[in-house]
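In what follows, a structure is listed as C-alpha cells, so that the remarks can point back to it.
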Amino acid sequence: TASVLVVAYRRATIALADEVVYVEHGRVVARGTHAELLADVPGYANLVTAYERDEAERAREKAFDEPGVSA
Numbered sequence: 587t588a589s590v591l592v593v594a595y596r597r598a599t600i601a602l603a604d605e606v607v608y609v610e611h612g613r614v615v616a617r618g619t620h621a622e623l624l625a626d627v628p629g630y631a632n633l634v635t636a637y638e639r640d641e642a643e644r645a646r647e648k649a650f651d652e653p654g655v656s657a
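Quick note on this note's numbering: the sequence shown kicks off at 587 and runs consecutively.
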C-alpha cells in the first residue's frame with residue numbers, strides 16, 4: 587500500500603480523498619474524511635463554505651463576462 591500527499595485547492599479533489607488533514611497556522615487541527623470534517627470541525631466547515639461562496643461569485647462574474655449577457 588502506498589500513501590500519496592496531495593495539496594489540493596478544489597473541493598472535488600478533497601472530497602475524493604480517503605483522509606483529509608486540516609491544518610491551521612502550520613498545525614494539524616483535525617483529520618478524517620471530508621464529510622467527517624464538515625460535520626465535526628467548524629473551522630473546516632467555514633473554510634469550505636467560504637470557498638463555495640467564492641466559486642459561486644466567480645461563476646456569476648464569468649457569466650456576465652460572456653458576450654450578450656447583461657445585468
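Cβ coordinates follow ideal geometry from the N, Cα and C atoms, glycine included.
query: Please list the terminal residues of the continuous beta strand (DSSP E) segment that includes Glu-610.; result: 606-610
query: Between the beta-carbon of Val-606 and the beta-carbon of Leu-623, is there less than 8 angstroms?; result: yes
query: Below 8 angstroms on the Cβ atoms is my contact criterion, and I expect Ala-603 with Val-592 to pass it. Report the Cβ-Cβ distance as a whole number of Å.; result: 7 angstroms
query: May I ask which residues mark the beginning and end of the beta strand (DSSP E) holding Val-614?; result: 613-618
query: For my contact list, Ala-616 and Tyr-630 are in at a C-beta cut-off of 8 angstroms; report their separation, rounded to the angstrom.; result: 7 angstroms
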